[in-house]
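So the sequence shown is residues 0 to 339, counted in numbering that gives the first Met the number 0. What follows is a set of notes on a single structure, which appears directly below.
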Amino acid sequence: MSNAKERGFISAITTRSDIRLFFIFGQDESAIADIASQMAAQLGGAERIDIDSDRIRNDPALLADEASALSLFGDKRYVRVNFRREEALAAVENLLELDSCVNPVIATAGNLTKTSKLRKLVESHPRALSHICYLPEETDAASAVMGYAATVGLKLDRSLAARIARYTHQDRKLAQAEIEKLALYYDASPQRPATVDVTTFEALSAETGEENVNGLINQIMNGDLRGTGRELVSAHNLGVDAIRITRALQRRVTLLAALRAKVDKGSNPGAVVKATRSIFWKDADDFVNQLGRWTSVRLVGLNGHLLDLESKLMSVREGLGVIILEEELIRIARAAARSR
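Below is the structure:
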């Protein structure tokens, strides 16, 4: 489920010894995780060295030290780190100053704006290679589903592929899991191809969306406090991860900001939503409502707040993170309720 540019970036981990840092960031967290995993797989049985971003912030020399450290027995190693925001800037500067590097660094991050100092550094430095993961349009997501299905011996039409993409919220890892589940059911392989029918997909998936946070996102951005409360209870009972909810809300805010910019230029909200292929028709009314509630200025402010919230959630213990998240989501829903 990748394009030529992405495949080239992944293969560079074994062909570009001049690169100190391989940096993956953007809005599509599932693509980011998948690319990092594929790059690690390219390194075979190399030992993974994980570094916490808090340690990097407190010790800016640590990243460069680990990247240049030889293994005791000469085994291959690589460094894996997830950056929150700008806390890694000094550490990355030190890393990129290395004349030689034994262990490649695979780093990931969420959505970084063009004004981010970290992003500017990585994108401009000859010893760093970066790849940005945008949220896919529905047509692109459907094509990716069809492409991955073909690799495991499954044939499915575009309408079903689009349905799987929507069902998995264009999360490539979830989509791959759905395809693999279907391949097991059909006992399919490239040598024994099978055609997937809609009835079988419905029976196997039940389209229950166990981690479907779309309903919660709509209730929050619509300013429906009671609905937000119900969806929070449901998400809590299903054990949906707090970071996952936060990033899903970030993606919604980013999309709304792009749509709102068109509305600010005079476009009709309904027409803008209808022309956006990534919006499922069942969600169209919610998007129109949200465009009426949220101005461009407020969406920019909310996006910055969500980035801060994500950093905060990563720094607290899991149980406390859920409490913090729920309080913040209710605050956002209240703000939406007041804005009409």
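Using N, Cα and C, we set each Cβ at its ideal position, and we do this for glycine too. Please read all numbers here as calculations on a predicted model, not as lab measurements.
{"query": "DSSP on Thr-199, reduced to helix/strand/coil?", "result": "helix"}
{"query": "Helix, strand or coil, according to DSSP, for Leu-20 in the structure here?", "result": "strand"}
{"query": "Within its chain, find whatever has a CB closer than 6 Å to the CB of Lys-75; leave out the 5 residues flanking it on each side and keep chain order.", "result": "Ala-45"}
{"query": "To which residues of the same chain is Arg-47 closer than 6 Å at the C-beta, ignoring the five residues directly before and after it?", "result": "Arg-79"}
{"query": "I believe Ala-90 touches Leu-153 by the beta-carbon criterion, under 8 Å. Please report the beta-carbon distance rounded to the nearest angstrom.", "result": "At roughly 43 Å, the Cβ-Cβ gap does not stay under 8 Å, so Ala-90 and Leu-153 are not in contact."}
{"query": "Where does the unbroken alpha helix (DSSP H) through Tyr-133 begin, and where does it stop?", "result": "That residue, Tyr-133, is in no alpha helix (DSSP H); it is neither H nor E in DSSP."}
{"query": "Gln-37 to Ile-9, Cα distance in whole Å?", "result": "7 Å"}
{"query": "Find the nearest neighbour of Arg-165 within the set Ser-123, Thr-199, Ala-143, judged by alpha-carbon distance.", "result": "Ala-143"}
{"query": "Could you tell me the distance, in whole angstroms, from the CA atom of His-130 to the CA atom of Ala-30?", "result": "11 Å"}
{"query": "Between Gly-222 and Ala-141, is the Cβ-Cβ spacing less than 8 Å?", "result": "no"}
{"query": "Examine the Cβ distances between the region 278-295 and the region 234-242 and report whether three or more of them are shorter than 8 Å.", "result": "no"}
{"query": "Which residues does DSSP pair with Glu-351 in a beta bridge?", "result": "Here the chain covers residues 0 to 339 and nothing more, so residue 351 does not appear."}
{"query": "Going by other Cβ atoms of all chains shown within 10 Å of its Cβ, with 16 needed for buried, is Ile-322 buried or exposed?", "result": "exposed"}
{"query": "How close, in whole Å, do the beta carbons of Ser-310 and Arg-84 come, if the pair is a contact with beta carbons under 8 Å?", "result": "6 Å"}
{"query": "Counting pairs of Cβ atoms below 8 Å between the region 158-172 and the region 54-64, do you hit three or more?", "result": "no"}
{"query": "Quick one: grab the DSSP three-state call for Val-104.", "result": "strand"}
{"query": "Alpha carbons only, please: which of Glu-28, Thr-253, Arg-191, Tyr-184 is nearest the one belonging to Ala-202?", "result": "Tyr-184"}
{"query": "Can you give me the start and stop residues for the alpha helix (DSSP H) that Thr-167 sits inside?", "result": "Per DSSP, Thr-167 belongs to no alpha helix (DSSP H) and is neither H nor E."}
{"query": "Should Pro-349 go down as buried or exposed, given a rule of 16 or more other Cβ atoms within 10 Å for buried?", "result": "Only positions 0 to 339 of the chain appear in this structure, which leaves residue 349 out of reach."}
{"query": "Taking the straight line between their C-alpha atoms, what separation do you get for Asp-27 and Asn-2?", "result": "15 Å"}
{"query": "Would you decide whether His-197 is buried or exposed? Buried here means 16 or more other CB atoms lie within 10 Å of its CB.", "result": "Inspection of the sequence shows that residue 197 is occupied by Val rather than by His. So Val-197 counts as exposed."}
{"query": "Whose CA, out of Ile-329, Leu-94, Thr-107, lies closest to the CA of Thr-227?", "result": "Ile-329"}
{"query": "Let me know the secondary structure DSSP gives Asn-81 once reduced to three states.", "result": "strand"}
{"query": "In the structure shown, what three-state DSSP assignment does Lys-394 receive?", "result": "Nothing in the structure corresponds to residue 394, since the chain is present only between 0 and 339."}
{"query": "Whose CA, out of Leu-155, Leu-88, Leu-215, lies closest to the CA of Ala-187?", "result": "Leu-155"}
{"query": "Here's the rule I'm using: 16 or more other beta-carbon atoms within 10 Å means buried, otherwise exposed. How should Asn-81 be labelled?", "result": "buried"}
{"query": "May I ask you to list the residues that DSSP assigns as paired with Gly-109?", "result": "Its beta-bridge partners do not exist; DSSP assigns none."}
{"query": "With distances taken between CB atoms, is the gap from Ala-256 to Asn-288 smaller than 8 Å?", "result": "no"}
{"query": "Taking Cβ positions, are Ala-66 and Val-121 nearer each other than 8 Å?", "result": "no"}
{"query": "Helix or strand or just coil, what does DSSP make of Ser-188?", "result": "strand"}
{"query": "Check for me: the alpha helix (DSSP H) holding Asp-307 runs from which residue to which?", "result": "295-313"}
{"query": "With a threshold of 16 other CB atoms inside 10 Å of the CB of Glu-96, please say whether the residue is buried or exposed.", "result": "exposed"}
{"query": "Can you tell me whether Gly-320 is buried or exposed, with buried defined as 16 or more other CB within 10 angstroms of its CB?", "result": "buried"}
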